[in-house]
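Heads up: the protein sequence lines correspond to chains V and Z, in order.
So the first sequence is numbered by the numbering used here: it starts at 13 and just counts up by one.
So the second sequence is numbered by the numbering used here: it starts at 13 and just counts up by one.
Backbone N, C-alpha and C define an ideal beta-carbon position, used for all residues, glycine too.
Number of protein chains: 2
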Amino acid sequence: MAQATAGASGNAIGGASGNAIGGASGNAIAGASGNATIYAVAQRAGVSTATVSRALAGSPKVAPATRDAVLAAARELAYVPDASARALAGRRTGALGLVLPHIDGAYYAELLVGFEMAASRHDLSVTITLANPRDDSARAVRELSGRVDGMAFMARSAAGTELVAEIARRRPVITVAREQVPGLEALFAENRETARDLTRHLLDHGRTRPVFVGRPEAGSDLEARHQGYCEALAEAGVQGRLLEADLAEDEGSQLADRLLADRRPDGRLAADAIVCGNDELALTIMTRLQDQGVRVPEEVAITGWDDTVAAAYVRPGLTSVAQPVRRLGELAAARLALLVDGEPADPGPVVLPSTPVFRTSCGCTTPTPRSAKELS
Amino acid sequence: MAQATAGASGNAIGGASGNAIGGASGNAIAGASGNATIYAVAQRAGVSTATVSRALAGSPKVAPATRDAVLAAARELAYVPDASARALAGRRTGALGLVLPHIDGAYYAELLVGFEMAASRHDLSVTITLANPRDDSARAVRELSGRVDGMAFMARSAAGTELVAEIARRRPVITVAREQVPGLEALFAENRETARDLTRHLLDHGRTRPVFVGRPEAGSDLEARHQGYCEALAEAGVQGRLLEADLAEDEGSQLADRLLADRRPDGRLAADAIVCGNDELALTIMTRLQDQGVRVPEEVAITGWDDTVAAAYVRPGLTSVAQPVRRLGELAAARLALLVDGEPADPGPVVLPSTPVFRTSCGCTTPTPRSAKELS
DNA sequence: CTGAAAGCGCTTACAG
DNA sequence: CTGAAAGCGCTTACAG
Chain V
13 MAQATAGASG NAIGGASGNA IGGASGNAIA GASGNATIYA VAQRAGVSTA
63 TVSRALAGSP KVAPATRDAV LAAARELAYV PDASARALAG RRTGALGLVL
113 PHIDGAYYAE LLVGFEMAAS RHDLSVTITL ANPRDDSARA VRELSGRVDG
163 MAFMARSAAG TELVAEIARR RPVITVAREQ VPGLEALFAE NRETARDLTR
213 HLLDHGRTRP VFVGRPEAGS DLEARHQGYC EALAEAGVQG RLLEADLAED
263 EGSQLADRLL ADRRPDGRLA ADAIVCGNDE LALTIMTRLQ DQGVRVPEEV
313 AITGWDDTVA AAYVRPGLTS VAQPVRRLGE LAAARLALLV DGEPADPGPV
363 VLPSTPVFRT SCGCTTPTPR SAKELS
Chain Z
13 MAQATAGASG NAIGGASGNA IGGASGNAIA GASGNATIYA VAQRAGVSTA
63 TVSRALAGSP KVAPATRDAV LAAARELAYV PDASARALAG RRTGALGLVL
113 PHIDGAYYAE LLVGFEMAAS RHDLSVTITL ANPRDDSARA VRELSGRVDG
163 MAFMARSAAG TELVAEIARR RPVITVAREQ VPGLEALFAE NRETARDLTR
213 HLLDHGRTRP VFVGRPEAGS DLEARHQGYC EALAEAGVQG RLLEADLAED
263 EGSQLADRLL ADRRPDGRLA ADAIVCGNDE LALTIMTRLQ DQGVRVPEEV
313 AITGWDDTVA AAYVRPGLTS VAQPVRRLGE LAAARLALLV DGEPADPGPV
363 VLPSTPVFRT SCGCTTPTPR SAKELS
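Dropping the structure here:
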């Protein structure tokens, strides 16, 4: 118990006031873990705690000389304000909550980086919780809501719409890349149009037997991507096919085997283009196909989604779609900061553009110059 | 200001007590944002706030019937305790701080996931801050220290040893994969021995002209990896070479060009094995070399470090080293939870084993079965 | 087993 | 420009 309780009992050296009947008597100069409190700073600077508070907050109502004295005292004592006390008194935690699914890979990391950067710009901390679908994330999410000023719910995080709405009754809430909750601000990365463009691109390469791989679910990103794919086919009068597969490696290789077995009478593969719901699926299928002797993109073109690191290293380079993930995170935090400041919510969904990154797995001979991606 | 101030003025409906002279009079039944407070729950359950507090904390001293009444009242009011008030009164924030460098890729994401999972198991929240080397992370780190019970500093996060030591004077601190601070608990992933094993492995494949690519700095992971590499060479009486390169893509391709130009009299590459400091470097070099017609591993073997996703998808598969990143995160949070509970620090560094993942870029013909990696 | 009351360390009207 | 004091919403000895 050393750290936790050392000096925890009241070594009250008495604040400035001597009013033993009023509330704020007997305030400790040093807090529980030996940290200086605002009382210590006030005493050392020869001012009241109110003045210390104002000086530290940068209030313009404090005389320069006073401010300097306070700042000096605070520095000398290595004073770090207690965030809990500050939050309780100021009715502001100064923190934003972020609910993520169990991060796998770079996507959520990017989201988090963007979110933290923007939050930090607004002098806000970020407290995260990983909402796992299988455990009761409700408890964790509610707990989180009790320690932050606003919350962002990311993608397919376990928190259901019900729960999000409940939290939104008490705190500003924004959702990112997940089914919109009526009345709440919502951010998205573009899916449908980009998928349509990407599919058209494949068609332009002369592909006539495209399939879509992934498992579209109502309201999901995958659904929108599949829809865009269908639109492009409809425009061109081409017949498509949907192969349901989960976004996990194992199903990918099974699918590749299925694709491999599915031949036309002339021996060629039934599919000559594979639009995958994400890179993981695309990479798994592509390498499996190649290991079995299929030439990509000659025999079959393949595209992914997410523009993962691996997409650039495989041969042929995997054509994919870069999502504005970091900006999604940044925007989420920035909006939340405003909402917390009382700005009214603007529930019209905001859709950020995604960018196709053409490498050579789609049939292109020259990949898009790298800078094109950086421009996004 | 809607959300923030609605009802913020004291709509005090009066707690149980009527003592206007004592401190706790005029407590609001509903908090600032319309949230129920402990007073509302107490009133509804017909008990005191002390009893509500105890019942909610699961104290065994509360009669079952009373507890049920309190729980029911809390549920009906959708009561979520204010974490700030709780922290202030209980002298515990219930949160752990995590200082990370600007997360790029899966490494820190994994670390974070492990940390959050373990913290969550201990009913602790995690608040993160991204310490960027260029901005003054000191301010952010200190601020964070004011809102958590303990802090973990990860890898090459910007916070210097000085700052870490300062924080450690006030809070339990643990460092992960970074230069040890005297007196503080420290966690590491194994580097030296693993690098030695990996280099030996290359030597066993008959390689005689290995180079090490990376920029070892004092006390860094890279230094330990380079050291292990040197040890293996020394054992075998083989002459090595160090090519300094930063862990960024651009330097990788320059290096590949240099490697390509460096030929022996018989026209073969000067290097026949490249031990890279990380996968990114290895992948960049490997693809560049391959694009120029070099056969891997026949002409030159290559190994990476980190076992990134891409390592499994490129051909040949990149032999790499899987680090126990998630477990590092888990252990950090678990230890911190104990330290916060008063357990004395045990500064002896803890080193978690890393696992070589043999694919075919090293010269192996059969990759290590996938399960071997999962076992780790 | 339960309640009255003090107190956690700040901020912020309010008064001067 | 500054201070005295109330109060933020909880927890926890203390007393019964």
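Spatial distance of residue i from residue j (CA atoms)
i	j	result
V:A207	Z:V64	54 Å
Z:T378	Z:R237	25 Å
V:I115	Z:D278	50 Å
Z:N203	Z:D94	44 Å
V:S149	Z:R87	17 Å
Z:A322	V:A324	9 Å
V:L4	V:F165	In the structure as shown, chain V starts at 13 and stops at 388, and residue 4 of chain V therefore has no counterpart that could be examined.
V:K73	V:S96	25 Å
Z:G70	Z:T105	18 Å
V:A77	Z:R154	25 Å
Z:V223	Z:C288	8 Å
Z:E247	Z:G240	11 Å
V:E263	V:P328	22 Å
V:A349	Z:V312	53 Å
Z:Q335	Z:A75	50 Å
V:V308	Z:N47	59 Å
V:L393	Z:C374	Residue 393 of chain V lies beyond the range of chain V shown here (13 to 388); nothing can be said about it.
Z:L364	Z:T220	30 Å
Z:D147	V:R133	11 Å
Z:R66	V:Y51	31 Å
V:V185	V:R159	14 Å
Close-in-space but distant-in-sequence residues of the same chain around residue i (CB under 6 Å, 5 per side omitted)
i	result
Z:A180	L196
V:A131	L108, V138 and A345
Z:E243	R208
Chain V within 8 Å of residue i, Cβ atoms only
i	result
Z:P368	no
Z:P93	yes
Z:I314	no
Z:A142	Reading off the sequence, residue 142 of chain Z comes out as Leu, not Ala. Cβ-Cβ to chain V under 8 Å: yes for Z:L142.
Z:T220	no
Z:H114	yes
Z:G117	yes
Z:R154	yes
Cβ neighbours of residue i in the same chain (closer than 7 Å, five flanking residues each side left out)
i	result
Z:Y119	D318 and V337
V:A152	T141 and A143
Z:R275	L281 and A282
V:E229	E235
Z:G231	E191
Contact with chain Z by residue i, beta-carbon distance below 8 Å
i	result
V:C374	no
V:P379	no
V:T49	no
V:S332	no
V:V138	yes
V:G158	yes
V:R327	yes
V:S265	no
V:A171	no
V:Q15	Caution applies to V:Q15, whose pLDDT of 30 falls short of 50 and renders its modelled position unreliable; the model cannot decide the point.
Contacting residues, own chain, Cβ-Cβ under 8 Å from residue i (five flanking each side not counted)
i	result
V:F127	L108, L110, V138, A164, G341, E342, A344 and A345
Z:I297	V225, G264, S265, L267, A268, L271, I286, C288 and I314
V:R182	S157
V:R362	The sequence as given places Val at residue 362 of chain V; Arg does not occur at that position. Excluding sequence neighbours, V:V362 sits near E197, A198, L199, F200 and L343.
Distance cut-off 7 Å: residue i Cβ against heavy atoms of the ligand PLP
i	result
Z:A62	With respect to the ligand PLP, the structure shown offers nothing to examine, as it has no ligands at all.
Please determine if the region 345 to 358 of chain Z and the region 341 to 361 of chain V are in contact, where contact requires at least 3 C-beta pairs separated by less than 8 Å. no
Can we say the region 95 to 102 of chain Z touches the region 169 to 176 of chain Z, given the rule of at least three CB pairs closer than 8 Å? no
Scan the region 69 to 100 of chain V for residues whose Cβ lies nearer than 9 Å to a Cβ of chain Z and list them as they occur along the chain. A90, V92, P93, D94, A95, S96, A97, R98, A99 and L100
Please identify, using Cβ separations under 9 Å, the residues of the region 293 to 322 of chain V that lie next to chain Z, in order along the chain. L295, T296, M298, T299, Q302, D303, T320, V321 and A322
Name, going along the chain, the residues of the region 231 to 250 of chain Z whose beta-carbon falls closer than 9 Å to a beta-carbon of chain V. none
Short of 9 Å Cβ to Cβ, which residues in the region 183 to 198 of chain Z face chain V? Those residues of the region 183 to 198 of chain Z that come within reach of chain V (Cβ to Cβ, closer than 9 Å) are R183 and P184.
Is it a yes or a no for the region 209 to 217 of chain Z touching the region 177 to 194 of chain Z, going by three-plus beta-carbon pairs under 8 Å? The region 209 to 217 of chain Z makes no contact with the region 177 to 194 of chain Z; the number of CB pairs closer than 8 Å stays below 3.
Cβ contact check for the region 360 to 372 of chain V and the region 296 to 303 of chain V: 3 or more pairs under 8 Å: At 8 Å Cβ cutoff, the stretches do not touch.
At a Cβ cut of 9 Å, what residues of the region 120 to 133 of chain V count as close to chain Z, listed as they run along the chain? Y120, A121, E122, L124, V125, E128, M129 and S132
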